[in-house]
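Student: For the sequence shown, UniProt numbering gives the first residue as 1, with consecutive numbering after it.
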Amino acid sequence: MSKPSSKGDLLTSKLDFENIDGASPAKKADFTTQQSAAKEVPDPPLEKKKSIAAAQSFTKTDAKLKNTKPVVAVKKDRLTQTIAGLVLLGLLIVSGLIYMYKDSTRNVSGLNYVTLPQIIVNMDGNVARLRVSVQIDMEDADWLKQHKKELENSFQRTIAAMNPDDLRSAKGIAETQLALKQQLNEDARSEKIQAVLITELLVQGKE
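What follows is the structure, encoded as structure tokens:
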């Protein structure tokens, strides 16, 4: 039977027990730290971060492009409308200039043509059908109306006295027109007739 331990032994045993128990708080602290570390979410790897950043950048760029397309389409429509308007304006200007040019050259010298009635005359056994236009100044139009009948008679007499062969060539017709101008002015006692143009001509020879 063992002897009861002395007070010194008991004290030593108690100290040893406390030393053994004293290590447990450290172990508990280590366990708590491990649990906290396990709960913390680890940072994603560097490559994964780059992939996420690239995807976000691509999404933003795609959104920008989608937002830009309508603007580009609107700009193209406006440009097309502007070009079409300029072309139409140019055509209108050109048409107006052409009309003004034709209108200005039509009466550049203020001349007017008056057609006399057709006449049928006997030219040395040949039947001639003629129609002439008389060229005068615009301001002499009233004078021509007053002397129209007189000019018709003078025209008929002058043609009847001519050689029908003079009306069978271009040179003969030009000489006939000049002769008619001179004769009509002489009969009217004026110089108002600027020119005489033969517009219709038919000569039937002898049978």
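Cβ coordinates follow ideal geometry from the N, Cα and C atoms, glycine included.
(1) Can you look up M138 in the DSSP assignment and give me helix, strand or coil?
(2) Which residue marks the beginning of the beta strand (DSSP E) containing Q204, and which one marks its end?
(3) By a C-beta neighbour count over all protein chains shown, 10 Å radius and 16 as the cutoff for buried, is T82 buried or exposed?
(4) So V121 and I159 are in contact, right, with Cβ under 8 Å, and what is the actual spacing, rounded?
(5) Excluding the 5 residues preceding and the 5 following A128 in the sequence, name in chain order all residues of the same chain whose CB lies nearer than 6 Å to its CB.
(6) Could you have a look at N107 and say whether DSSP puts it in helix, strand or coil?
(7) Leaving aside the five residues before and after T115 along the sequence, list all residues of the same chain whose C-beta is less than 6 Å from its C-beta, in chain order.
(8) Determine the burial state of M123: buried for a count of at least 16 other Cβ atoms within 10 Å of its Cβ, exposed for fewer.
(9) Are the CB atoms of N163 and M138 nearer to each other than 8 Å?
(10) Are the beta-carbon atoms of K192 and I136 separated by less than 8 Å?
(11) Hey, how far is the Cα of Q177 from the Cα of A188?
(12) Excluding sequence positions up to five away, which residues of its chain have a Cβ less than 7 Å from the Cβ of D183?
(13) Residues in the same chain with beta-carbon distance under 6 Å from H147, minus the five sequence neighbours each way, listed in chain order, please.
(14) What residues are listed by DSSP as bridge partners for R131?
(15) In the structure shown, what three-state DSSP assignment does N163 receive?
(16) Excluding the 5 residues preceding and the 5 following D77 in the sequence, name in chain order all residues of the same chain whose CB lies nearer than 6 Å to its CB.
(17) Whose C-alpha, out of T80, K149, D142, is nearest the C-alpha of P117?
(18) Using a Cβ-Cβ cutoff of less than 6 Å, which residues in the same chain neighbour G172 once the five nearest sequence positions on both sides are dropped?
(19) What does a CB cutoff of less than 6 Å around R131 pick up in its chain, not counting 5 residues either side in sequence?
(20) With a threshold of 7 Å on Cβ separation, who are the neighbours of I98 within its own chain once the five nearest residues in sequence on each side are excluded?
Tutor: With the given structure in hand:
(1) helix
(2) 195-204
(3) exposed
(4) 5 Å
(5) V121, V203
(6) With a pLDDT of 46 at N107, under the threshold of 50, the predicted position of this residue should be treated as unreliable, and no value is reported.
(7) S133
(8) buried
(9) no
(10) yes
(11) 17 Å
(12) Per the sequence shown, the amino acid found at residue 183 is Gln instead of Asp. The answer, listed in chain order, is S154, T158.
(13) A188
(14) E200
(15) coil
(16) none
(17) K149
(18) D166
(19) Q118, T199, E200
(20) none
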